[in-house]
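FYI, the numbering for the sequence shown is 14 to 374, going by our numbering.
Virtual Cβ for every residue (Gly too), placed ideally from N, Cα, C.
Predicted model, so just to flag it, every value in this text is computed and none were measured.
Report on the following structure.
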Amino acid sequence: MKVPDAILSIAPYVPGKPITALARELGVRHAIKLASNENPLGPSPLALKALQEILSELNRYPDGGGYELVGKLSEKFAVSPEQIVLGAGSDDIIAMLTRALLMPGDEAVMPKPSFLMYDIMVRSASARSVRVPLKSLAIDLDEMAAGVNDKTRMIFLTNPNNPTGTSISKDDFERFLNSVPAEVVVIVDEAYIEFVRDPACMKSIRYIQNDRAVVVLRTFSKAYGLAGLRVGYGLMPEAIAALLHRVRQPFNVNSLSQAAAAAALEDNGFLEKTLEVVHAGLDFIDRSLADMQIRHFPTQANFLLVDVETDADEVYAVLLRKGVIVRSMRSYGYPQYIRVSAGLPEENERFVEALGEVLRP
Ligand SMILES: *Cc1c(COP(=O)(O)O)cnc(C)c1O
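Right, here's the structure in full:
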């Protein structure tokens, strides 16, 4: 079998460990998962209701154009339906962008570390990732701009960034946008934008109106609590959306996901409750770690980075056996950091207690 070198260069994505896998592999029961930045409250109740109602229609193919969900997004963000592309998670939209826009040998600039799917998808297209190191945990926009050359087709920005939780200010973004050639597509991944508390943080929707090749990626996997259904969307200039529709699988977002997402989008009560619980959770973890003098970093997302000052893989493994699933940041280039998502109050307490047992026995 002859396999492209580009594919052989890809390391498979390693997701956070599911609770069921922990039970199966280590026999640990009643574990909590604070590893994948999921919504600790469960799915939106309105989404659950919409799912019940659509079950009897599962013999039919989905609406490939996603009429209802696209319509609601179009209204909410005051963009035309032609500027919206739905995806099976924002992962799917990243895949469409790389498939539609990259030729072998082209380049894509991205932060390092950041979301691993950018690099995986760029490599899948036999294109080259130019990975620009963060500076003090934040995206270094000057160096990102300096990484652009005549082979560059796209730039990935993550706002707030995963795994560091830092955000990009409006002023810095505008300066950056003016410094890169107009034909380079700037993709802003806003998977965690709903959680942002810093008023200076940039929200990129307005820029897609100005004829700039800006693509905004958003998801129902985090604040809306629908990670298991795989649904996200991109907002972008019509010309880019039209290209993505050429490579999009016709029924990429299934009917359950469409119905649940459309309902969740209107569940303002659930979103408010989510933000309340997540922000209170982050503040609790912040205070508790400060009390134990465990170094950690400010965040605009629903997770935070903790400096365990020892091998993060080991701390991860010990926490696993205590039934607390977090993420070691070794593979992201931080061998002494772990990332923890804000959970329910009792989950956050359990995390803090378990970490204290490990680091401050
Ligand atoms: C979780 C996450 C996503 C969302 O991925 P989905 O495919 O929509 O579940 C996208 N980008 C980043 C940076 C993430 O952390």
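Exposed unless 16 or more other CB atoms sit within 10 angstroms - verdict on T287: buried
What does Y74 pair with, by DSSP beta-bridge criteria? Answer is none; Y74 lacks a bridge partner.
Between the C-alpha atoms of L256 and R42, what's the straight-line distance to the nearest angstrom? 47 Å
Tell me, please, whether the stretch 30-38 touches the stretch 329-347 by the rule of three or more beta-carbon pairs shorter than 8 Å. yes
Under a Cβ-count criterion, where at least 16 other Cβ atoms within 10 Å of its own Cβ denotes burial, should S22 be classed as buried or exposed? exposed
Opposite S141 in the DSSP bridges: which residues? Residue identity check: residue 141 is Arg in the sequence provided, not Ser. Looking at the DSSP assignment, R141 forms a beta bridge with E120.
Helix, strand or coil, according to DSSP, for H309 in the structure here? strand
S127 beta carbon less than 8 Å from that of F169: yes
Proximity winner among M116, P212 and I206, relative to M167 (alpha-carbon distances): M116
Cβ pair G245, G100 closer than 8 Å: yes
Would you tell me roughly how many angstroms separate the C-alpha atoms of V199 and V228, rounded to the nearest one? 6 Å
Who does I133 pair with in a DSSP beta bridge? DSSP output for I133 lists no bridge partner at all.
Rounded straight-line distance, which links the Cα of M123 to that of M130: 11 Å
Ligand 1 heavy atoms versus the CB of D202: any closer than 7 Å? yes
Do the CB positions of R343 and A325 come within less than 8 Å of each other? yes
Between the Cα of N172 and the Cα atoms of A151, G40 and S142, which residue gives the shortest distance? A151
Compare the Cα-Cα distances from Y74 to each of Q65, M157 and V266 and report the closest residue. V266
How long is the line joining the alpha carbons of G102 and T232, rounded to whole angstroms? 6 Å
Is D132 closer than 8 Å to S139 when the C-beta atoms are compared? no
Rounded straight-line distance, which links the Cα of P374 to that of P250: 55 Å
Pick from P194, D211, T312 and N175: whose alpha carbon is nearest that of E203? N175
Can you tell which of N50, A19, A276 and G84 has its C-alpha closest to the C-alpha of E95? G84
Who does I200 pair with in a DSSP beta bridge? F169 and V228
Roughly how many angstroms separate the alpha carbons of A159 and D185, rounded to a whole number? 15 Å
Per DSSP, L317 forms a beta bridge with which residues? V353
Given a cut-off of 8 Å, decide if S182 and C214 are closer than it, judged by their beta-carbon atoms. yes
Evaluate T111 with the Cβ neighbour count: other Cβ atoms within 10 Å of its Cβ, from every protein chain shown; 16 or more gives buried, anything less gives exposed. buried
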